[in-house]
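Visitor: Residue numbers (the numbering used here): 189 to 363. Ideal Cβ placement from N, Cα and C applies to all residues, glycine included. Have a look at this one.
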């Protein structure tokens with residue numbers, strides 16, 4: 189058993205248990221579970237153990253958390269001057285990621301508006317029932333947005349999978 193950040197890792201490909209122990213410090217609290225690279229529904233630790241959906245030789249159990257990234261307000265300089273004060277329509281976000289499995293993208297209108305996240309598509313050619321493979325490269329997220337004078341791009345990871353965002357590039361139109 190190895191401690192990594194706020195998670196515990198069980199790694200023994202020869203023995204694939206249906207439950208993992210050694211989590212007494214988390215009794216009565218929820219844990220996020222990643223088995224063989226696939227996320228499982230969060231479960232509460234009982235008696236220092238978590239029961240898994242299926243047998244697994246590599247299990248990571250960690251604290252539930254949400255990771256958010258938010259850009260500064262999106263502004264550009266074009267042939268007709270700056271976009272400051274002009275209405276912008278962000279309709280697409282391109283994300284350069286490294287070894288990432290899942291994330292969501294959205295736009296926050298103004299400084300206090302709420303974000304409606306869109307799930308970025310990950311699956312490619314993995315067999316049914318297999319976890320998605322970590323991806324490095326560019327992913328495109330189509331955003332359902334409206335015209336805003338001030339808008340920020342928001343990225344969220346709310347699953348027990350790795351996320352590393354290297355660049356955020358927006359596609360926008362101005363009025």
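Might you give, ordered along the chain, the residues of its own chain that have their beta carbon closer than 7 Å to the beta carbon of residue 259, omitting 5 neighbours on each side?
Guide: 340, 341, 356.
Visitor: Is there contact here, the region 208-222 with the region 231-250, by at least three beta-carbon pairs under 8 Å?
Guide: These segments touch.
Visitor: Counting only the same chain and skipping the five closest in sequence on each side, list residues whose C-beta sits under 8 Å from that of residue 366.
Guide: Absent from the structure is residue 366, since the part of the chain shown begins at 189 and ends at 363.
Visitor: Within its chain, find whatever has a CB closer than 8 Å to the CB of residue 361; leave out the 5 residues flanking it on each side and keep chain order.
Guide: Only 276, 277, 279 meet the Cβ criterion.
Visitor: Considering only the alpha carbon of each residue, which of 291, 327, 272, 305 lies closest to residue 363?
Guide: Checking every option, the nearest Cα to that of residue 363 belongs to 272.
Visitor: Between the Cα of residue 286 and those of 305, 352, 308, spot the shortest distance and give me the residue it belongs to.
Guide: Closest option to residue 286, Cα to Cα, is 352.
Visitor: For a test of the three-state rule: what should DSSP assign to residue 325, helix, strand or coil?
Guide: Strand.
Visitor: Would you mind working out which of 207, 282, 316, 224 sits nearest residue 358, comparing C-alpha positions?
Guide: Ranking 207, 282, 316, 224 by Cα distance to residue 358 puts 282 first.
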